[in-house]
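Residue numbers (my numbering), protein chains in the order written: chain A, 39 to 147; chain B, 15 to 125. Note that CB positions come from ideal geometry on N, CA and C, so glycine has one too. Bear in mind the structure is a predicted one, so any value in this text is a computation, not a measurement. Working notes for the structure below.
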Amino acid sequence: GQNIDQPTEMTATEGAIVQINCTYQTSGFNGLFWYQQHAGEAPTFLSYNVLDGLEEKGRFSSFLSRSKGYSYLLLKELQMKDSASYLCAVSGSARQLTFGSGTQLTVLP
Amino acid sequence: SQTIHQWPATLVQPVGSPLSLECTVEGTSNPNLYWYRQAAGRGLQLLFYSVGIGQISSEVPQNLSASRPQDRQFILSSKKLLLSDSGFYLCAWSVKWDEQYFGPGTRLTVT
């Protein structure tokens with residue numbers, strides 16, 4: 039089976055940097071995805087990691103360590119619009135995605 | 015560019031009534047298609063996926079079913095809804111097993 043853990047809630051201040059962690063246990067590994075979901079809306083794709091290391095995309099970066107079963111999403115220069123739920127999802131041996139329960143990020147002024 | 019449509023956007027149905035939710039994708043051929051359900055404050059639960067016309071894989075046994083009558087059409091159905099079927103239903107597509115792109119969702123309330 040697959041198990042994905044991420045914190046339920048986080049709070050940060052506008053302009054700051056926040057790191058959202060995700061740990062996983064899977065049978066097989068074919069990549070890790072991060073999605074952003076605003077309240078009442080569908081998730082939108084943010085990043086994909088399949089090899090160890092850091093992938094940077096503008097204000098957002100995602101890191102993966104396959105040996106540790108660990109990933110994080112780094113958000114820089116936080117803006118109020120970044121308040122959302124961030125979902126970690128893993129593609130295992132069967133290739134379907136298993137999603138974590140999401141981390142609700144609140145950005146304060 | 016690719017677009018994914020879902021309808022209806024919201025639905026209120028009594029217990030025991032049937033259900034039909036439709037999803038269509040434009041701008042791509044032979045996509046993988048997926049149905050997810052998200053309960054309030056929870057993560058996404060994969061219900062069904064399809065890698066081609068008429069090919070449906072079920073992830074969770076329940077009173078729901080799915081069909082793919084055309085390459086870019088995916089339908090979620092139920093003969094008799096339960097209260098526990100309430101939730102936010104999301105359709106998604108992907109090119110093979112790459113990143114998935116979600117439709118706007120259907121919010122279903124079973125009363």
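I want to verify the contact list: residues of chain B whose CB lies under 8 Å from the CB of proline 81/A, in sequence order. Within 8 Å Cβ-Cβ: Leu58, Leu104, Phe116.
Cα separation between alanine 92/B and alanine 106/B? A small fix is needed here, since residue 92/B is serine in this sequence, not alanine. About 19 Å.
Using only CA atoms, which one of Asp120/A, Gln75/A, Asn59/A, Leu113/A lies nearest to glycine 117/B? Among Asp120/A, Gln75/A, Asn59/A, Leu113/A, the Cα nearest to that of glycine 117/B is on Gln75/A.
For the stretch 49-63 of chain A, list every residue whose C-beta sits within 7 Å of some C-beta in chain B, in sequence order. Residues: none.
Establish whether the CB of glycine 101/B and some CB of chain D are separated by less than 7 Å. Given the protein chain composition of this structure (A and B), no chain D is represented.
Counting contacts by CB-CB distance shorter than 7 Å, is tryptophan 49/B in contact with chain A? No, its Cβ sits nowhere closer than 7 Å to a Cβ of chain A.
Taking a Cβ distance cut-off of 8 Å, strictly less, list which residues of the stretch 85-116 of chain A are near chain B, in chain order. Answer set for the stretch 85-116 of chain A: Tyr86.
Which residues share a DSSP beta bridge with leucine 111/A? The partner list for leucine 111/A (beta bridge, DSSP) reads Ile58/A, Ser100/A.
Buried or exposed by the 16-neighbour rule on C-beta atoms within 10 Å, applied to aspartate 99/B: Label assigned to aspartate 99/B: buried.
Taking the straight line between their C-alpha atoms, what separation do you get for asparagine 44/B and threonine 51/A? Computed Cα separation, rounded: 44 Å.
Distance, isoleucine 67/B Cα to proline 147/A Cα: Proline 147/A and isoleucine 67/B have their C-alpha atoms spaced approximately 49 Å apart.
So which residues of chain B does phenylalanine 137/A contact, with C-beta pairs closer than 7 Å? Neighbours of phenylalanine 137/A on chain B, chain order: Gly57, Leu58.
Coarse secondary structure for serine 72/B, derived from DSSP in three states: Three-state result, serine 72/B: strand.
Taking valine 29/B and leucine 95/B to be in contact with their CB atoms under 8 Å, please state how far apart those CB atoms are, rounded to whole angstroms. 6 Å between Cβ atoms; contact.
To the nearest angstrom, report how far apart serine 131/A and phenylalanine 67/A are at their CA atoms. Their backbone Cα atoms lie some 6 Å apart in a straight line.
Given this structure, state the Cα-to-Cα distance separating phenylalanine 62/B from alanine 127/A, to the nearest angstrom. For phenylalanine 62/B and alanine 127/A, the distance between alpha carbons rounds to 17 Å.
Comparing C-alpha positions only, which one of Asn41/A, Thr49/A, Asp43/A, Gln40/A sits nearest to serine 121/A? Sorting Asn41/A, Thr49/A, Asp43/A, Gln40/A by C-alpha distance to the C-alpha of serine 121/A places Thr49/A at the top.
Are there three or more Cβ pairs, one per stretch, closer than 8 Å when the stretch 78-92 of chain B is compared with the stretch 104-122 of chain A? The stretch 78-92 of chain B makes no contact with the stretch 104-122 of chain A; the number of CB pairs closer than 8 Å stays below 3.
Near-chain B residues of the stretch 119-134 of chain A (beta-carbon distance less than 7 Å), N- to C-terminal order: Correct list: Leu125, Ser129, Arg133, Gln134.
Can you find a C-beta in chain B that's less than 7 Å from the C-beta of glycine 66/A? Chain B contact via Cβ: absent.
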